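Working notes, beginning with the structure itself.
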Amino acid sequence: MTAPLVERLVACGPVIDPEAANRVRARIEETAGEGGWSALLDRAWPALAPVAAAAPYLAGLMGRRPRMLRRILESDPDARLQDLLAGTAGLTGGAEARRQPLRRLKAELHLLTALSDLGGVWDLDQVTAALSRFADASAAAALAAVAEDQRARGKLISASDDPRGPVPGLFGLAMGKHGADELNYSSDIDVSLFWEPEAVTGALAEGVEPQRFLDRLTQAFAQLMQERTGDGYVFRVDLRLRPDPSSTPPAVAVPFALTYYEGVGQNWERAAFIKARPVIGDLAAGHDFLKALTPFVWRRSLDYQAILDVHSIKRQIHVHKTGEGLSAPGANLKLGRGGIREIEFHAQTQQLILGGRDPGLRSRRTLDALAALHEAGHVSEEVRAELSDAYVRLRGLEHRVQMLEDEQTHDMPVDPAHRRAVAALSGEDDLARFDAGVEALLVGVNRRYGELFEDEEALSSPYGSLVFTGVENDPETLLTLARMGFSDPATVADTIRSWHHGRIPATRSARGRELFTRLAPRLLTTLAGLAQGDGAAADAAFRRFAVFFSGLSAGVQVQALFLAQPPLFALVVGVMAFAPRLARMLGRHPAALDSMLDARFHTRLGVNTGLFDQMAEEAAGAADFEDALNAVRRLHRDQTFRIGVQTLTGRVRPRETGRALTALADAVVTALAPVALAETARQGGDLAGGVTAVIALGKVGSREMTAGSDLDLMTVYDAPPDAASAEKGWAPGVFYARFTQRLIAALSAHTAEGGLYEVDMRLRPGAAKGPVSLRLTAVEDYYATEADTWEFMALTRARVVWADDPAFAARVTAALEAILRRPRPGVDVPADARRMRDLMARERPGQGDWDLKLAPGGQVDAEFVAQARQLAGAPTGGPLTVSTLSALQDESALAEAWRLQQALNQVLAAAFDDKPDPRDEPKGFQARLAEAAGFADFAALETALAAARKAARARFEALLPRRDGD
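Take the sequence shown: its position 109, counting from 1, is numbered 131 in our numbering, and each next residue is one higher.
Structure below.
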């Protein structure tokens, strides 16, 4: 039908604000009267009034540009559209010459399209086609303009009428709704720019670097299109649908793009290319590029996992029970539940799976795709009709929402007045009825969407949708993450999407990304459950998992293990939520996860699982010194991880943790000392008649280690005075010094399998200037003549860990006891101990309430009392013990304070490498800390800790009083 628009317009709905409409009419009437077209305005006004009353943007266009309104009303809308397109294509000159004309043409196109839509003249296909065709024409004009500017500057030397386009080899693909000719009313345009190096280089002047030239050209193109002036703007331009937009230039070279899509292209990118079409520039090169991408987009064969990954595009969206959470106010008509995206995904996911073998299913347009799927027998007529009708209605609503203020929004207004305006533009005068219709529409779409792949595993969350496709964060997903407790949902979403892009080793392969698609919702849901609404806890837990996951050298096996073993995954995530130390351990050595599948992993600590025997056997049977070190490190790492997990999950009491860690250290020394001795003999020959022993002191000596404790050790030996090693003639002192150095290296060196312990030899006699290994008689002489009280105190925790001869071990043990029991006339042990403690307090004062070691009433106070009392009583037959608690068994205040702080230290050391303030940690960790110490909550723990320290310090003052003059 060909007729002026005025003859075809009908009123779209009620006039919700007659006064606003009359104000607009008054602005137009003056010009109409002067121009002699008042009758035309009178005739059109019944259809214009509802628009002027409801849509401020359209009212502004009519009021500011009445002559433009007249042209539109007097013209056939289809003919006027052709004139606008021709006028756009006919523009000449550079960017400055075309800037204003492009904006004025866009304004007229916008008003023409709105009136034709609202007036019932154009259907949805005509509306979106008009917008899309103008986007094509204006984008082509803008590219030609900025190219002309570069030609004028002498940088571009190709002819302006080159059939390959303004810049030969450069082309732009229309993506998304633009590519499908489905552009919405206030949409931006998704344009991806690519270039063929050979063609572009040939079109540039000598010395012009192509990438830099094209980057600037692209920026100029986007600015010309989207810069707002007094005449408005043309289109906002989104360049982010190119490969990996965060790390690539705005115009991407074709060879790189092809490599990217073939290597790490994702299914959502395949879906995006369903709608792609060449739109500007070298169109022939654009078609060639899309042809080259056909095997990527339309795969003829997909394995089961690849099909599941396509399904994931749909399954990441949370499908609610009928009506749940779906309401008109605030509904996102595009991305929300029951919105346009669900209809598009309904079609696109099936196109990706089936279109490789059936080219008839490759339509760019959503309605055509649904029809093709129905014709091919994949979608029932009922579903096709229902979704097609819903699509038309939702797009109509979307356009009307955008017509209010020309905003790129898809949200139904929350404000009833604004929503009433949308209702009026949609022909409804009852807001409640309008809202009910919108809600029913959304529910229907969401229900049909839920039926697609309904038997497959859900990839959303009980908290809502978790969609990580595309180049920008999904609004519904951000809301879901906020409900989960994350304080910065955008950062979490950005990180997950970067992992989906293959930016870490674990997701670099297609299989890794497929697995991660399934793992991501489980991860986030588990973290949310652990955080229990504590934003800081959720954030910290995610960061710690990110450290682990980003550090994996290969992620397929680990992710497959997590998916196959949900309890294991929950346990690992739970530990990581509160334990960055263990997270880093797993990140560096993910093989430790395998140990969690070993039946021994969950066996209670203290039960002989055969691990220590295995450690000794593997060390003894290793091919060489380094192999022995690696074998012990692997088993040590697994056991350390096991102890840490059992400590943090409460399977063992903290005191058992100390014993288990010490037993592990003993086993490591027992396994590596013979290896170190054999290595020494290999290098220097055997030492006939020599014997040696390793003595543990400090926390390892007292069997009170925490995770991360170093090893305080010394070695002693005995040998005939004239003994020498068989090969190199080393004297005993040299031989056992070499042995000690080998042992230190075996225990502390970092190999491919990591490290074991820091080794501290400073508690040995004469540590500052003496040899690293001492003859036993020299040790006895030193303590008889030179040792200070602090050295005797340290010796109260000494015990033999390993000896190459049991008889020598017994001699050393007896010698240590004899040293401690020897009378020391004139020595005031309590006074010496107090002076040393005061010196320590001055030089190493406690660092706050949570310095469990050095604060007044802390563990050092208790340990000084325990050691001083033993030294004072030993010469008269008093008991000797390496255990602090045993030495304090009749000092309840000191014992209780030490026990409490040791329990806390065990949990803190298992979780952290440093010494954090627990008050800054998540509530879940605070609760675990309180539980480990036997308290109902963290507040009760803090109160009890303060009281215990106060009582302990009082007993310390009473037992080791400061003397006059000290």
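By construction, the Cβ of each residue, glycine as well, lies at the ideal position given by its N, Cα and C atoms. Owing to the predicted nature of the structure, the values given are computational and were not obtained by experimental measurement.
For the region 140-203, the full-length alpha helix (DSSP H) segments reaching 4 residues or more read 146-174 and 198-201 along the chain.
Residue pairing by DSSP places Y739 opposite T714 and R797 in a beta bridge. V32 counts as exposed, since fewer than 16 other C-beta atoms from the protein chains shown sit within 10 angstroms of its C-beta. Within the region 47-100, the alpha helix (DSSP H) runs of at least 4 residues that lie entirely inside it are, in chain order, 60-76, 78-86 and 88-96.
Selection G680, F570, M84 and A75 evaluated against L63 yields M84 as nearest (Cα-Cα).
Secondary structure at S483: strand, using DSSP grouped into helix, strand and coil. Of the residues assessed, T24 falls on the exposed side of the cut-off, its CB having fewer than 16 other CB atoms within 10 angstroms. Going by beta carbons, R386 and K313 fall outside the 7 Å limit. Distance from the CA atom of Y485 to the CA atom of M506, rounded to whole angstroms, is 7 Å. In this structure, the straight-line span from the alpha carbon of G466 to that of S154 is close to 29 Å.
7 Å or more divides the Cβ of L982 from the Cβ of A816.
Cβ neighbours of S572 within its own chain (closer than 6 Å, five residues either side excluded): I526. Judged by DSSP secondary structure, G303 falls within the beta strand (DSSP E) whose first and last residues are R299 to G303.
Contact between the region 133-144 and the region 89-100 is established, with three or more Cβ pairs separated by less than 8 Å. R626 carries a coil assignment under DSSP once its states are collapsed to helix, strand and coil. Counting along the chain, no beta strand (DSSP E) covers W521; the unbroken alpha helix (DSSP H) around it starts and ends at P511 to H522. In the DSSP assignment, D212 falls within the unbroken beta strand (DSSP E) covering I211 to W217.
Between the C-alpha atoms of R656 and E775 there is a straight-line separation of about 6 Å. A direct Cα-to-Cα measurement between A653 and T662 gives close to 14 Å. Taking C-alpha positions only, D688 is separated from F490 by approximately 49 Å. Note on geometry: alpha-carbon atoms of R975 and G879 lie some 4 Å from one another. Where R544 is concerned, the enclosing alpha helix (DSSP H) starts and stops at A532 to A553. The region 908-926 makes no contact with the region 562-569: fewer than 3 CB pairs, one atom from each, lie closer than 8 Å.
Only exposed fits I179, as fewer than 16 other CB atoms lie within 10 angstroms of its CB. For G116, the CB contacts under 7 Å within the same chain, skipping 5 residues up- and downstream, are A167, E170, D171 and A174 in chain order.
Counting along the chain, the unbroken beta strand (DSSP E) around V274 starts and ends at A273 to A275.
Around E640, the same chain offers A653 as residues with beta carbons nearer than 6 Å, after the five sequence neighbours per side are excluded. Its chain contains L215, W217, L236 and T240 as the residues whose beta carbon lies nearer than 6 Å to that of A273, once the 5 sequence neighbours on both sides are disregarded; these appear in chain order.
C-alpha of P438 to C-alpha of P36: approximately 16 Å in a straight line. Counting along the chain, V823 sits inside the beta strand (DSSP E) bounded by residues R821 to A825. Looking only at F634, V667, G672 and V697, the smallest Cα-Cα distance to A645 is reached by V697.
In this structure, V301 keeps its C-beta atom at 7 Å or more from the C-beta atom of V259.
The C-beta distance from L416 to G361 rounds to 7 Å, short enough to fall under 8 Å.
Secondary structure of D873 (DSSP, three-state): coil. Assigned with DSSP and collapsed to three states, N354 falls in strand. N927 is the residue among A563, N927, L590 and K750 whose C-alpha sits nearest the C-alpha of G730.
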